[in-house]
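S.K.: This is the structure I want to talk about, given as structure tokens.
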Amino acid sequence: DVKVTQSSRYLVKRTGEKVFLECVQDMDHENMFWYRQDPGLGLRLIYFSYDVKMKEKGDIPEGYSVSREKKERFSLILESASTNQTSMYLCASSSRGHRDTLAGVRTGELFFGEGSRLTVL
Amino acid sequence: AQSVTQLGSHVSVSEGALVLLRCNYSSSVPPYLFWYVQYPNQGLQLLLKYTTGATLVKGINGFEAEFKKSETSFHLTKPSAHMSDAAEYFCAVSNAGGTSYGKLTFGQGTILTVHP
């Protein structure tokens, strides 16, 4: 089974602190994603990466950066945390499609970690 | 561009009743469609997905969804609700290729409450 592990389930930080959220997947997936989840807004994409050292902005990248130095690890960085970044952060990964279970069909199914709930005071 | 609208942020049903969660999408290319479920304090788990072929898709825990292209809909149903179905459900859409492959756009979520 695919396992996506987020390093911290709960974090409390102060305004202005630098915050690192780590995510590791063990299925050799090419694609990795960071989403933010807020009540009534669903999941919004912050950044994604489709290869090592590659990254693309999602829908709400402001105030965030990412790092992907190794294929299995994708880090989300808040350079200077603010109270409006209090949220649930979800990491996900997916294969590029060559090994999807439906033969010959690429699905882009995402596999999620359990989430990191960040509170910024 | 693609988008997803889930009609109803909260749905409440009695145990044993029909569950219907509505999802409409917008996509400029043939979509892949997904339903995910999130139990409290957990990540998202895939319920079912539509890619190509049969438009009625069956998933885990007795859920199913029907892709209706003419209505741009992908509603989720279950004939008989169980208490364990109480969770938040997310509909999502993605395109099938390009550098944005696998990038899902999610709806706002629907919280399902099941009453005894």
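Listed in order, the protein sequences are those of chains A and B.
For the record, in the first sequence the residue sitting at position 53 is 53 according to the working numbering, with numbers rising by one throughout.
For the record, in the second sequence the residue sitting at position 99 is 99 according to the working numbering, with numbers rising by one throughout.
Built from N, CA and C at the ideal position, the CB exists for glycine as well.
Remember, predicted model here, so these are calculated numbers, not experimental data.
1. What does L45 of chain A reach in chain B if we use C-beta pairs closer than 7 Å?
2. Okay, do the region 67-82 of chain B and the region 6-14 of chain A touch, 3+ Cβ pairs below 8 Å being the bar?
3. The beta strand (DSSP E) with K53 of chain A in it runs from where to where?
4. For L21 of chain A, go through chain B and note every residue whose CB falls closer than 7 Å to its CB, in chain order.
5. According to DSSP, what are the bridge partners of Y35 of chain A?
6. Flag this pair as touching only if the region 85-92 of chain A and the region 108-121 of chain A have three or more C-beta atom pairs under 8 Å; answer yes or no.
7. Can you tell me whether DSSP reads T83 of chain A as helix, strand or coil?
8. Using a beta-carbon distance cut-off of less than 9 Å, what residues from the region 1-35 of chain B approach chain A?
9. Under the rule that 16 or more other beta-carbon atoms within 10 Å means buried, what is N31 of chain A, buried or exposed?
10. Say whether chain A places a C-beta atom closer than 8 Å to the C-beta of V93 of chain B.
11. For E72 of chain A, would you say it is in contact with chain B, using Cβ-to-Cβ distances shorter than 8 Å as the test?
M.R.: Let's see:
1. K103
2. no
3. Unbroken run through K53 of chain A: none, as it is neither H nor E.
4. What L21 of chain A touches in chain B: nothing, since even the nearest Cβ is about 14 Å away.
5. A:L45 and A:L90
6. yes
7. helix
8. V4, Q6, S9, Y32 and F34
9. buried
10. no
11. no
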